[in-house]
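To convert, count from 1 in the sequence shown and add 7; that's this note's numbering.
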Amino acid sequence: MSWETKARAHFRAELDSIRSAGLFKEERVIRSVQGAEIEVEYPPGAPPRKVINMCANNYLGLSSHPEVVRAAHAGLDERGYGMSSVRFICGTQDIHHRLERRLTEFLGTEDTLLFPSCMDANGGVFEACFGEQDVLIADRLVHASIVDGMRLCKAMQDTFKHSDMAHLEEKLIEHAGRRFRVIVTDGVFSMDGDLARLDAIADLAERHDALVFLDDSHATGFIGKKGRGTHEHCGVVGRIDIITTTLGKAMGGASGGCVSGRRELVEMCRQRARPYLFSNSVAPEIVAGALQVMDLVSRSTERRDRLEENAAYWRKGLSEAGLDLRPGDSPIVPVMLYNAKLAQEFSRDLFQEGIYGVGFFFPVVPKGQARIRTQLSAAHERRHLDLGIAAFRKVGAKHGILGLKRKEILAKFGE
Ligand SMILES: *Cc1c(COP(=O)(O)O)cnc(C)c1O
């Protein structure tokens, strides 16, 4: 058997086992711009269908906002399509610096460095700043990109139980002998939509002389009264040492990320962070679009206010319909179904009702925790939400789960 035959057989078997475990992920093809209503081709090859999108990270509804699109066009005309270079060779334009200054101002930090994505920011920042003498103490539910970034760093690694401040304090004491202790957390945790207890974390950091690292990807632009993030919401602006975030969610949804924070740490990233040094600069049209996003979010809180209202309305509607929600006050509203197969069927039935919401199950969430993660947008209008709530009610009734809680749903369907 040739190497090729053997390899193909091997990988086909691997893929079959992913399929038979019910874990195969399919792409669903969208034929429209991103927005509250999208046209989706599903099942593959079927004529596109208009559905209400309840699962995008388009929190502020800026992904296809006319002012952002116009600014990106202007950027394309004035600064070209691409830089064909990493930042430090010949990939830095005035607009890259302008965007970094705007982000610094908005996040309330000292300096900011753009990365191709937040995945790259997280991939570079730890290795650039910390080493063998240090320890990274991470919340157990931090995002996969943080886990990968920490793996690339030689610092010792430890974790604390999710949002458990007593456990975090134990760890800070246990590692008192290390040069730097870094507390690592997400701002808003993407699967449950709960917020980090950043005020308590900042206090612990101060008491134990530790640093705080915050990934605010699911918060920048809309959490906090001015939408500056989880640190604003928790009243600790200026007390977070490193913030990473993405431009790929609320902030226009194209791509790009950054490391923002203490001047010296950001400068270390400029000198040593490998994704900054070895990956192409963010394209001019995206930088121009992002500058327009910065204008929009700084000018008015109207969009983040509408998002907050939408989230409250949606949460109330689903809850009154008898669905089991994860409590919280972010625009991430997980509808708990617990059973993986039920989550998949529920998602399919919702689609038939014109609602696009994807089922999440193991390994994305723990076994027995399957759900439809719904996400609100400022682009949703009342009628979208009313249609969505009616659809959830109808599909929930079909599966006989309205009014049921975890134990009862698990008794009926198993894990
Ligand atoms: C989405 C996300 C990222 C990745 O951001 P990209 O810019 O798309 O790479 C990183 N961290 C968290 C917490 C995220 O939610």
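Just so it is clear, CB atoms sit at the ideal spot from N, CA and C, and this is done for glycine as well.
These numbers were taken from a predicted model, which means no experiment stands behind them.
Own chain residues within Cβ distance below 6 Å of residue i, not counting five before or after
i	result
Arg400	Ala328
Leu409	Gly329, Gly403
Ile247	Val219, Leu221, His238
Arg380	Pro341, Phe367
Arg35	Val47, Tyr49
Ala257	Tyr66, Leu67, Gly228, Phe229
Thr166	Ala145, Arg147
Lys419	none
Whether residue i touches residue j by CB criterion (8 Å)
i	j	result
Leu272	Phe95	no
Ile249	Phe220	yes
Cys62	Tyr363	yes
Gly259	Cys125	no
Lys57	Glu46	yes
Leu423	Leu120	This structure gives no information on residue 423, because the portion of the chain shown stretches from 8 to 422.
Gly335	Asp199	yes
Glu117	Arg270	yes
Asn129	Thr252	no
His406	Leu357	no
Cys160	Phe196	no
Gly361	Leu392	no
Ile396	Gly324	yes
Glu177	Leu211	no
Ala318	Gly29	no
Nearest-angstrom beta carbon gap, residue j and residue i [assumed within contact, 8 Å]
i	j	result
Leu254	Ser262	7 Å
Arg188	His215	7 Å
Glu322	Val340	Note that residue 322 is Arg in the sequence shown, not Glu. Between Val340 and Arg322 the Cβ distance is about 6 Å, and since that is below 8 Å, they are a contact.
Ile429	Phe31	Outside the shown range of the chain (8 to 422) lies residue 429, about which nothing can therefore be said.
Leu148	His169	5 Å
Ala135	Ala280	4 Å
Asp127	Pro370	About 23 Å; that fails the 8 Å criterion.
Val243	Ala209	4 Å
Gly194	Asp223	4 Å
Sequence-distant residues of the same chain with beta carbon closer than 8 Å to residue i, five excluded per side
i	result
Ile102	Gly82, Arg86, Pro291, Val294, Ala295, Leu298
Gly89	Asn287, Ala290, Pro291
Met157	Phe133, Leu143, Ala145, Gln164, Val191
Ser326	Leu332
Val365	Cys62, Ser354, Ile379, Arg380
Pro338	Tyr66, Gly200, Phe229, Leu314, Glu315, Asn317, Ala318, Gln382, Leu383, Ser384
Glu422	Tyr345, Asn346, Ala347, Lys374, Gly375
Close Cβ partners of residue i (< 7 Å) along its chain, the five nearest in sequence each way excluded
i	result
Lys233	Glu239, Thr308
Val93	Leu284, Phe285, Ser286, Asn287, Ser288
Arg423	Absent from the structure is residue 423, since the part of the chain shown begins at 8 and ends at 422.
Closest residue to residue i among the options (Cα-Cα distance)
i	options	result
Ile59	Ala418, Glu422, Lys412, Ala398	Ala398
Gln278	Gly131, Gly52, Pro55, Ser124	Gly131
Leu202	Lys178, His182, Asp171	Asp171
Ala78	Val300, Phe367, Lys405, Leu344	Val300
Asp331	Pro338, Trp10, Tyr345	Tyr345
Ala151	Asp23, Val372, Leu394, Lys405	Val372
Val351	Pro50, His104, Arg378, Ser305	In the sequence as displayed, the identity of residue 351 is Gln instead of Val. Checking every option, the nearest Cα to that of Gln351 belongs to Arg378.
Val76	Leu303, Asp118, Phe18, Lys13	Leu303
Pro73	Gly42, Leu175, Ser9, Gln140	Gly42
Lys414	Ser326, Gly375, Lys256, Arg35	Gly375
Phe113	His182, Gly245, Ala183, Gly98	Gly245
Pro54	Asn64, Ser39, Asn65	Ser39
Thr204	Ala183, Cys241, Gly98	First, the amino acid is wrong: residue 204 is Arg here, not Thr. Closest by alpha carbon: Cys241.
Arg390	Glu33, Glu44, Gly29, Arg306	Glu44
Thr99	Ala28, Ile153, Lys13, Pro123	Pro123
Report yes or no: do the stretch 223 to 241 and the stretch 59 to 71 share at least 3 C-beta pairs separated by less than 8 Å? Look at the beta carbons and you see the stretch 223 to 241 touching the stretch 59 to 71: at least three pairs across the two are nearer than 8 Å.
Three or more beta-carbon pairs under 8 Å between the stretch 313 to 322 and the stretch 382 to 391, yes or no? In short, these stretches touch, since the Cβ pair count reaches three.
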